[in-house]
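K.L.:
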Amino acid sequence: MEEDKLVMIKETFKNEETGELTPGVTIILDGNLRGVLEIIMEKEGYSDYPEALKEVIFEGIHHFVKRNK
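In structure tokens form, the structure reads like this:
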């Protein structure tokens with residue numbers, strides 16, 4: 477994979493109880509993205525990639541909302 481490439485696979489999941497369709501995304505962690513997440517995991521004490529990625533996403537959303545108020 478290229479160093480600055482982000483691969484995402486769009487999926488749709490069906491809630492077994494309600495039948496509602498829910499979007500999902502699989503993210504391939506490779507190259508620079510993986511390296512950055514490993515640094516974040518080490519510095520912040522996260523135990524796995526999903527935990528670190530969740531924090532990055534929420535921080536990014538918070539920053540975006542704050543900037544666009």
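Taking our numbering, I'd label the letters of the sequence shown as residues 477 to 545. Backbone N, C-alpha and C define an ideal beta-carbon position, used for all residues, glycine too.
1. Would you report the Cα separation of Lys486 and Glu514, rounded to the nearest angstrom?
2. From Glu535 to Asn508, what distance separates their C-alpha atoms?
3. Give me, in chain order, the residues of the same chain whose beta-carbon lies closer than 6 Å to that of Thr502; leave out the 5 immediate sequence neighbours on both sides.
4. Is the distance from the Cβ of Tyr525 to the Cβ of Leu505 below 8 Å?
P.N.:
The relevant details are as follows:
1. The residue you call residue 486 lines up with position 10 of the sequence shown. The residue you call residue 514 lines up with position 38 of the sequence shown. For Lys486 and Glu514, the distance between alpha carbons rounds to 24 Å.
2. Along the sequence shown, one-based indexing puts residue 535 at 59. Along the sequence shown, one-based indexing puts residue 508 at 32. Those two C-alpha atoms are separated by around 19 Å.
3. Mapped onto the sequence shown, residue 502 falls at position 26. So the list reads Ile485, once near-sequence residues are dropped.
4. For the purposes of this step, residue 525 is taken as residue 49 along the sequence shown, with counting starting at 1. For the purposes of this step, residue 505 is taken as residue 29 along the sequence shown, with counting starting at 1. Yes, Cβ-Cβ distance for Tyr525 and Leu505 is below 8 Å.
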